[in-house]
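A short worksheet on the structure shown next.
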Amino acid sequence: MSDPTTPRLRPPRPEDLKVFEGLPAAVSGRAKDPVNAPMIRHWCEAMGDRHPAYTGPGAVAPPTMLQAWIMGGLSGHGPRDAHAYDRLLALLDRAGYTAVVATDCEQEYLRPLRPGDELTFDAVIETVSPLKRTRLGAGHFVTTRTEIRTAGDLVGTHRFRILKYAPAAHPAPRPEGAAAGRSSPEGPRPERPRPVINRDNAGFWAGVAAGELLIQRCAACAELRFPWLPGCGRCGSPDWTTVRASGAGRVFSYVIMHHPPFPAFDPPYVVGLIELAEGVRIISNLIGTEPDRVRIGTPVELEFLQVDAGLRLPVFRALPDGAGA
Amino acid sequence: MRPGDELPPLSVPVTRTLIVAGALGSRDFQDVHHDAEAARAKGSPDIFMNILTTNGLVGRYITDHFGAEATLLKVSIRLGVPNYPGDVLALSGRIVSVNPDRVAGRCAVEVAVTGMNRLGRHVSGTVRVSVPAEEPSGGPGAGAGPMGTFPGAGA
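Chains as they are written, first to last, in the working numbering: chain X, 141 to 465; chain P, 167 to 321.
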């Protein structure tokens with residue numbers, strides 16, 4: 141975005157959003173029309189709903205119409221309802237989260253609504269989520285809870301969640317076979333991130349270059365440590381030597397990454413916390429297995445993966461159960 | 167009627183008319199539910215069904231099955247992929263629990279509902295519905311049999 145006329149969008153700080161939780165989204169709102177037979181009929185015709193309770197003398201409204209009664213419609217509810225909810229949505233609009241989609245609706249019906257019932261409602265902002273990355277784009281989930289009353293009696297509750305999001309650049313469904321996160325066929329494949337090599341860990345990466353996984357050993361107390369650190373966590377000594385890992389280990393824990401996709405990574409893939417035979421643990425990728433076949437305790441074996449011309453990484457190949465140490 | 171029982175499925179053709187009639191019937195005038203050009207400008211390939219219509223269809227699915235004496239107590243849904251025109255929403259349900267209702271002679275049935283279309287899962291949720299404790303007698307009159315047996319009043 142080098143266009144100088146495009147304002148730089150700044151995401152709202154979490155505390156700017158949290159303050160909205162508990163604030164009213166509507167106070168003493170009034171349904172525009174009393175519960176009425178024509179609206180019930182229009183609804184039932186649209187839904188194809190032929191429940192006999194919704195027609196004729198003594199008819200009740202379909203309970204799922206609860207929200208329809210309190211919708212603002214084309215004219216809206218007007219400035220008297222311009223409360224914290226509108227300010228919150230405006231704040232998210234300004235931050236670039238301009239699109240909205242409803243994601244959840246949870247309604248309880250305490251008693252049937254009948255033609256003639258005049259409804260009032262009060263709503264509160266329950267939660268504003270931290271920034272979430274979704275298939276539609278990044279955004280915040282906003283949850284409200286509305287209480288609907290007739291002559292002061294609670295007749296229903298309505299919890300509603302929307303996603304207020306910045307539409308992704310290409311939200312259209314991806315062509316078949318194109319997995320999320322993969323580079324486009326016409327563009328160069330993005331590179332995996334490079335390790336940051338400094339004087340504290342240079343020895344480790346020199347070992348990787350030589351095809352060895354090196355563990356640090358304290359020269360004073362012989363404690364093994366990994367990842368590499370400048371001093372011993374047990375006795376504090378800055379002196380160390382190295383031990384070459386045998387390469388045997390087991391899955392101590394793991395996650396399967398599905399989402400969000402990152403450039404140069406093809407989900408799903410497994411990130412394992414591997415306990416080496418020497419007793420220290422290392423985080424790396426698990427290869428040679430379907431992600432859903434990995435289990436805690438799965439035996440693994442060290443391999444070096446040449447990711448690209450400039451990057452070699454220690455990874456772990458899953459072995460059949462019963463193999464390995 | 168016991169936990170684990172499957173409800174007969176219901177297929178609802180997702181026509182443009184249903185999407186627009188549902189949106190206006192629920193007083194939802196968001197343009198993405200009736201104006202295809204506006205929907206495309208917002209990154210959607212077409213108009214799509216609003217959540218209130220999905221909610222209404224889920225409620226109808228349950229009361230269609232449980233019949234004239236059924237009363238909805240709670241409908242709780244989560245949306246997944248959108249319902250675009252030309253698709254078919256395939257609703258299915260499974261009874262999760264059957265408990266006594268607050269009202270004597272009735273029980274509260276909880277049903278897990280799923281609605282699939284060609285893109286995947288459009289809706290999942292649970293519905294609690296109050297029904298008479300005994301099965302309706304097969305006799306004539308209101309309360310007899312599931313809604314599916316009512317003569318076909320055109321929708």
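The beta-carbon is built from N, C-alpha and C at its ideal position, and this holds for glycine as well. From a predicted model like this one, the values you see are computed outputs, not experimental measurements.
Span separating the alpha-carbon of X:P367 from that of X:A449: Within the first sequence, residue 367 of chain X is the residue found at index 227, counting from 1. Within the first sequence, residue 449 of chain X is the residue found at index 309, counting from 1. Distance between the alpha carbons of X:P367 and X:A449 is about 24 Å.
Please identify the residue among X:W345, X:S386, X:S269, X:A291 whose C-alpha is closest to the C-alpha of X:K304. Position 164 of the first sequence, counted from the first residue, corresponds to residue 304 of chain X. Answer by Cα proximity: X:S269.
Should X:L413 and X:I423 be called a contact, given that it needs their Cβ atoms to be closer than 7 Å? Residue mapping note: residue 413 of chain X aligns to position 273 of the first sequence, counting from 1. Residue mapping note: residue 423 of chain X aligns to position 283 of the first sequence, counting from 1. Going by C-beta atoms, X:L413 is nearer than 7 Å to X:I423.
Would you kindly check if the distance between the Cβ of X:R289 and the Cβ of X:R299 is under 7 Å? If you number the first sequence from 1, residue 299 of chain X lands on position 159. If you number the first sequence from 1, residue 289 of chain X lands on position 149. The answer is no: Cβ separation not under 7 Å.
Helix, strand or coil for P:N221, going by three-state DSSP, please let me know. Translated into the one-based positions of the second sequence, residue 221 of chain P becomes position 55. P:N221 falls in the helix class under three-state DSSP.
Are the CB atoms of X:D340 and X:P307 nearer to each other than 7 Å? Mapped onto the first sequence, residue 340 of chain X falls at position 200. Mapped onto the first sequence, residue 307 of chain X falls at position 167. Taking 7 Å as the Cβ cut-off, X:D340 and X:P307 do not qualify as a contacting pair.
Please classify P:P175 as buried or exposed, where buried requires at least 16 neighbouring CB atoms within 10 angstroms. Locating residue 175 of chain P in the second sequence gives position 9, counting from the first residue. Label assigned to P:P175: exposed.
Coil, strand or helix - X:L206 by DSSP: For this step, residue 206 of chain X is matched to residue 66 along the first sequence. Three-state DSSP puts X:L206 in a helix.
What residues in its chain sit with their C-beta under 7 Å from that of X:P400, if we drop five residues either side in the sequence? Position 260 of the first sequence holds residue 400 of chain X. Here the set comprises R273.
DSSP beta-bridge partners for P:N249? Taking the first residue of the second sequence as position 1, residue 249 of chain P is located at position 83. The partner list for P:N249 (beta bridge, DSSP) is empty, contrary to what the question assumes.
Ordered along the chain, which non-local residues of its own chain (more than five positions away) have a Cβ less than 7 Å from that of P:G286? Along the second sequence, one-based indexing puts residue 286 of chain P at 120. Same-chain partners within the cutoff: G246, V247.
Test item: CB-CB of P:Y232 and P:V295 under 7 Å: Here residue 232 of chain P refers to the residue found at position 66 of the second sequence. Here residue 295 of chain P refers to the residue found at position 129 of the second sequence. The amino acid occupying residue 232 of chain P in the given sequence is Phe; Tyr does not appear at that position. Result yes, Cβ atoms of P:F232 and P:V295 sit closer than 7 Å.
Please name the residue or residues paired with X:S424 in a DSSP beta bridge. Taking the first residue of the first sequence as position 1, residue 424 of chain X is located at position 284. Per DSSP, X:G412.
Per the DSSP calculation, X:E161 is bridged to which residue(s)? The sequence position of residue 161 of chain X within the first sequence is 21, counting from 1. According to DSSP, X:E161 bridges with nothing at all.
Give the DSSP-derived three-state secondary structure of P:I228 in the structure shown. Reading the second sequence from its first residue, position 62 is the one you call residue 228 of chain P. Helix at P:I228.
Beta carbon of X:A165 nearer than 7 Å to that of X:A263: Looking up residue 165 of chain X in the first sequence gives position 25. Looking up residue 263 of chain X in the first sequence gives position 123. Yes; because the gap between Cβ atoms is below 7 Å, this pair is in contact.
Of the residues that make up the stretch 243-268 of chain P, which ones have a beta carbon closer than 8 Å to any beta carbon in chain X? I243, R244, L245
If the cut is a Cβ gap below 7 Å, which residues of chain X does P:N221 touch? To locate residue 221 of chain P, count along the second sequence from 1; it is residue 55. Those within 7 Å of P:N221 in chain X are T204, C245.
P:G291 beta carbon less than 7 Å from that of P:V279: Taking the first residue of the second sequence as 1, we reach residue 279 of chain P at position 113. Taking the first residue of the second sequence as 1, we reach residue 291 of chain P at position 125. Cβ atoms of P:V279 and P:G291: closer than 7 Å.
Counting only the same chain and skipping the five closest in sequence on each side, list residues whose C-beta sits under 6 Å from that of X:N425. Within the first sequence, numbered from 1, the residue matching residue 425 of chain X stands at position 285. Cβ neighbours of X:N425 beyond the five flanking positions: V455.
Looking only at C-alpha atoms, which of P:V275, P:A299, P:L255, P:L184 sits nearest to P:S263? As a first step, residue 263 of chain P must be located in the second sequence, where it is residue number 97. Ranking the options by Cα distance to P:S263, first place goes to P:V275.
Sheet register partners of P:V289 (DSSP bridge): Indexing the second sequence from 1 puts residue 289 of chain P at position 123. Note: P:V289 sits in a beta bridge opposite P:L245, P:G281.
Any beta carbon of chain P sitting closer than 7 Å to that of X:P192? Counting from 1 along the first sequence, the entry for residue 192 of chain X is found at position 52. At least one chain P Cβ lies under 7 Å of X:P192.
Use the C-beta contact count for X:A346: other C-beta atoms within 10 angstroms, 16 or more gives buried, fewer gives exposed. Here the question's residue 346 of chain X lines up with position 206 in the first sequence. X:A346 comes out exposed.
Would you report the Cα separation of X:P407 and X:A201, rounded to the nearest angstrom? The sequence position of residue 407 of chain X within the first sequence is 267, counting from 1. The sequence position of residue 201 of chain X within the first sequence is 61, counting from 1. Each residue's Cα considered, the two are about 47 Å apart.
Does P:G271 get closer than 7 Å to chain X when you measure Cβ to Cβ? Looking up residue 271 of chain P in the second sequence gives position 105. No, no contact with chain X.
If we ignore side chains and look at the alpha-carbon of each, how far apart do X:P403 and X:A278 end up? Start at 1 with the first residue of the first sequence, and residue 403 of chain X comes out as number 263. Start at 1 with the first residue of the first sequence, and residue 278 of chain X comes out as number 138. Cα to Cα, the separation comes out at about 16 Å.
Within 10 angstroms of the Cβ of X:D173, are there 16 or more other Cβ atoms? Answer buried if so, exposed if not. Your numbering for residue 173 of chain X matches position 33 in the first sequence. Looking at its Cβ environment, which holds fewer than 16 other Cβ atoms inside 10 Å, X:D173 is exposed.
Neighbour flag for X:E258 against chain P, beta carbons, 7 Å: Here residue 258 of chain X corresponds to residue number 118 of the first sequence, with the count starting at 1. So no, X:E258 is outside the interface.
Kindly indicate which residue of P:T219, P:F214, P:A236, P:T220 has the alpha-carbon position closest to the one of P:D267. For the purposes of this step, residue 267 of chain P is taken as the residue at position 101 of the second sequence. Of P:T219, P:F214, P:A236, P:T220, the residue nearest in Cα terms is P:A236.
Inter-residue spacing [alpha-carbon to alpha-carbon] between X:R357 and X:T429: Here residue 357 of chain X refers to the residue found at position 217 of the first sequence. Here residue 429 of chain X refers to the residue found at position 289 of the first sequence. Using only the alpha carbons, I get a separation of about 32 Å.
Hey, how far is the Cα of X:R457 from the Cα of X:W380? Taking the first residue of the first sequence as 1, we reach residue 457 of chain X at position 317. Taking the first residue of the first sequence as 1, we reach residue 380 of chain X at position 240. C-alpha separation (whole angstroms): 29 Å.
CA-to-CA distance, X:Y249 to P:S303, given in whole angstroms: Position 137 of the second sequence, counted from the start, is the residue given in the question as residue 303 of chain P. Position 109 of the first sequence, counted from the start, is the residue given in the question as residue 249 of chain X. Confidence is the limiting factor: at P:S303 the pLDDT is only 46, short of 50, which leaves the residue's position unreliable and the question unanswerable from this model.
Under 7 Å between C-beta atoms, does X:H182 make it to chain P? For the purposes of this step, residue 182 of chain X is identified with residue 42 of the first sequence, where counting begins at 1. Output row for X:H182: interface = yes.
Against chain X, does P:S192 count as a neighbour if the rule is that its beta carbon must be under 7 Å from one of theirs? Translated into the one-based positions of the second sequence, residue 192 of chain P becomes position 26. With 7 Å as the cut-off, P:S192 counts as an interface residue toward chain X.
What separation, rounded to the nearest whole angstrom, lies between the Cα atoms of X:F85 and X:G437? Here chain X has residues from 141 to 465 only, and residue 85 of chain X is not among them.
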